[in-house]
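Start counting the sequence shown at 1; every next residue gets the next number (the UniProt record's numbering).
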Amino acid sequence: MTVTAFAPQTEERFALARQVADAVLFEGYVLYPYRASAAKNRLRWQFGVLVPPGWGTECEEHDFQHTECLMEPKAGATLSVEVRFLHARRRTVQRARPDGGFDTVAELHLDDRVLVPWDEGGEERVEVVASVDELLGDGVTHPFRRPAREDTAPVLDAAGRTVGRLVRRCEEISGTVRLSARELDGPYRAMRLTAVVENTSDWTPPEGRGADRDAALPHSLVATHLLMALSAGSFLSMTDPPEWAKGAVAACRNLHTWPVLAGEPGRADLVLSSPIILEDHPAIAPESPGALYDATEIDEILALRTAALTDEEKREARGTDERAAAVIELADSMPAEVLERLHGAVRSLREVTGPGPAASDGGFPDEYGVQRPDTPWWDPASEAGFDPEEDRVVVDGRSVGKGSRVELRPGLRRTDAQDIFLRGRTAKVEAVLHDVDGGVHLAVTVEGDPGADIRREQGRFLYFQPDEVTPLEDDG
1 MTVTAFAPQT EERFALARQV ADAVLFEGYV LYPYRASAAK NRLRWQFGVL VPPGWGTECE
61 EHDFQHTECL MEPKAGATLS VEVRFLHARR RTVQRARPDG GFDTVAELHL DDRVLVPWDE
121 GGEERVEVVA SVDELLGDGV THPFRRPARE DTAPVLDAAG RTVGRLVRRC EEISGTVRLS
181 ARELDGPYRA MRLTAVVENT SDWTPPEGRG ADRDAALPHS LVATHLLMAL SAGSFLSMTD
241 PPEWAKGAVA ACRNLHTWPV LAGEPGRADL VLSSPIILED HPAIAPESPG ALYDATEIDE
301 ILALRTAALT DEEKREARGT DERAAAVIEL ADSMPAEVLE RLHGAVRSLR EVTGPGPAAS
361 DGGFPDEYGV QRPDTPWWDP ASEAGFDPEE DRVVVDGRSV GKGSRVELRP GLRRTDAQDI
421 FLRGRTAKVE AVLHDVDGGV HLAVTVEGDP GADIRREQGR FLYFQPDEVT PLEDDG
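Set out below in structure tokens:
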């Protein structure tokens, strides 16, 4: 029999995984510069949108997600599933009239914010718990429904007077969660778990309007993803399965979502299936001070850019959404030491408390073919013979050094798009540099670049190898 209440220990495990799941849920919810008027905030809800089936045939979006993964449940195990998504709600802004009525307006100005119409996202959860034995055969089907509703909230000015109100309306949405499992052939007691989430809303576009994504979103499940936990047993990694399970993993079908192991590293009893591809055991960076809703950028850049917004831009952002207002407050109040931590972190380093193992064979290659000499691979004293400002290199029979003019001819074998754009441009050599492997590099500034003086002052140059330039004059 299916129930819909999590055990305390399951809720505790889900709470940890929700930290990462929240980043998926709100990815792209509101993008920098966090204003409704920004062009990139006019096309939102890009991930995990399950649209009504009556409209999905007219677009490239889908009305379902299909997850398959492998699990090794123990006898008597139960599976707990939490479907999470956002329910879009339309917010309109109204100004109070002297007679006590309200008029719908395009914006309402307050001292600290400018309120505008906006689609907010309310978090919804659907919980299903079933024994693994129930999942065999036809499995478990759990329908759910969220009714339409409307609510209002007064808008008060600094003196506490009602100057308007916000009207929020949610449309009805409905869906179904289908769970099933099948035992795999072979010596191991493993099962293929299938979890399907469908939007079953009966909404269709009004006559004559055609495909209208904006009209379909209030009836959609937005940013849909799954958390699944076993009470006893474990899931198998879909990206690094054991050898015996690789064929079964390859046969799994995952449509519009991808499952990874979640929760604490080293455990395998929890899976997050999301529309954004993640690695096993994803985690939020400990340096992150809070949600910024834009995982395609790094926190440092977003924090600095947000703090640099004008006062008027911040007023509009605060009025766009409560979550956007929280980002503005976070950027304005972030201590210097917190911002400094965002500058970067190297997680692959480990503490060394003593000397490494000595080479037992005179420095011959180890089992991985790596040479381990008795002396360091690089001696800082070896730099003494080089001077970037005075060194020169011969290119096509001409001596090139600081002050030389060259034509850029980047080669195809190691060139990125930025270098290709500079092909044929003239540049001034600022330094001749030697790396520890014996390679030579020319630091240059492009002629005609209005920022060349700033780059030169900051030491920010472009770098080319000698065979990627042609000397324009022999100055020495």
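For glycine and all other residues, C-beta sits at the position ideal for the given N, C-alpha and C.
For Leu-339, there is no enclosing beta strand (DSSP E); the enclosing alpha helix (DSSP H) covers residues 336 to 341. As for any beta strand (DSSP E) of minimum length 3 sitting wholly inside the segment 153 to 197, the runs are 162 to 170 and 173 to 183, ordered along the chain. Secondary structure within the segment 396 to 437: the beta strand (DSSP E) runs of 3 or more consecutive residues, fully enclosed, are 398 to 401, 405 to 408 and 426 to 434 (chain order).
With contacts defined as CB atoms closer than 9 Å, Phe-85 and Val-222 qualify as a contacting pair.
DSSP places Glu-468 in the helix class (H, G or I) of the three-state scheme. Approximately 5 Å separates the beta-carbon atoms of Tyr-463 and His-441; this is inside 8 Å, confirming the contact. Taking C-beta separations shorter than 6 Å and ignoring five residues to either side along the sequence, the partners of Leu-135 in its chain run Leu-179, Ser-180 and Ala-181, following chain order. If only complete runs of 4 or more residues are kept, the segment 225 to 279 shows the alpha helix (DSSP H) at 246 to 250, in order along the chain.
Closest option to Val-51, judged by alpha-carbon separation, among Val-177, Asp-202, Leu-110 and Val-163: Asp-202. Of the other Cβ atoms in all chains shown, 16 or more fall within 10 Å of the Cβ of Trp-45; this residue is therefore buried. For Ala-96, the beta-bridge partners assigned by DSSP are Phe-102. Its Cα nearest to that of Leu-31, the residue Ala-324 stands out among Gly-401, Pro-471, Pro-275 and Ala-324.
Counting along the chain, the unbroken beta strand (DSSP E) around Ala-443 starts and ends at 440 to 446. In this structure, Pro-289 lies away from Leu-226, with their beta-carbon atoms at least 9 Å apart.
When only Cα atoms are considered, Thr-152 and Arg-90 end up about 12 Å apart. Taking all protein chains in view, the Cβ of Ile-328 is crowded by 16 or more other Cβ atoms within 10 Å, so the residue is classified as buried. At the C-beta level, Val-116 and Ser-37 come within 9 Å of one another. DSSP, read as helix, strand or coil, puts Glu-127 in strand. Closest in C-alpha terms to Leu-255, from the list Lys-402, Thr-239, His-62 and Ala-190, comes His-62.
Ala-307 sits in a helix when the DSSP states are folded into three classes. Per DSSP, reduced to three states, the secondary structure at His-142 is strand.
In the three-state scheme derived from DSSP, where H, G and I count as helix and E and B as strand, Gln-9 is classed as helix. The DSSP-derived three-state label of Arg-456 is helix.
Taking a contact to require three or more Cβ pairs closer than 8 Å, the segment 261 to 268 and the segment 10 to 29 qualify as touching.
For the pair of segments examined, the segment 157 to 167 was found not to touch the segment 181 to 192: the number of CB pairs separated by less than 8 Å stays below three. For Glu-329, the enclosing alpha helix (DSSP H) stretches over residues 322 to 333. Annotation: the continuous alpha helix (DSSP H) that includes Leu-135 extends over 132 to 135. Remark: C-beta atoms of Val-271 and Met-228 approach each other more closely than 9 Å. The beta-carbon separation of Arg-113 and Arg-315, rounded to 5 Å, stays under the 8 Å limit for a contact. As computed with DSSP, Ser-80 is found in a beta bridge with Val-129 and Ala-229. Straight through space, the alpha carbons of Leu-309 and Pro-33 are spaced by roughly 8 Å.
One Cα belongs to Val-432, the other to Thr-470, and the distance between them is close to 15 Å. Checking the DSSP bridge columns, you'll see Val-393 partnered with Val-400.
Distance from the Cα of Ala-106 is smallest, within the candidate group Glu-430, Gly-319, Val-406 and Asp-332, for Gly-319.
Between the C-alpha atoms of Asp-212 and Pro-275 there is a straight-line separation of about 22 Å. Under DSSP, Trp-45 forms no beta bridge with any residue.
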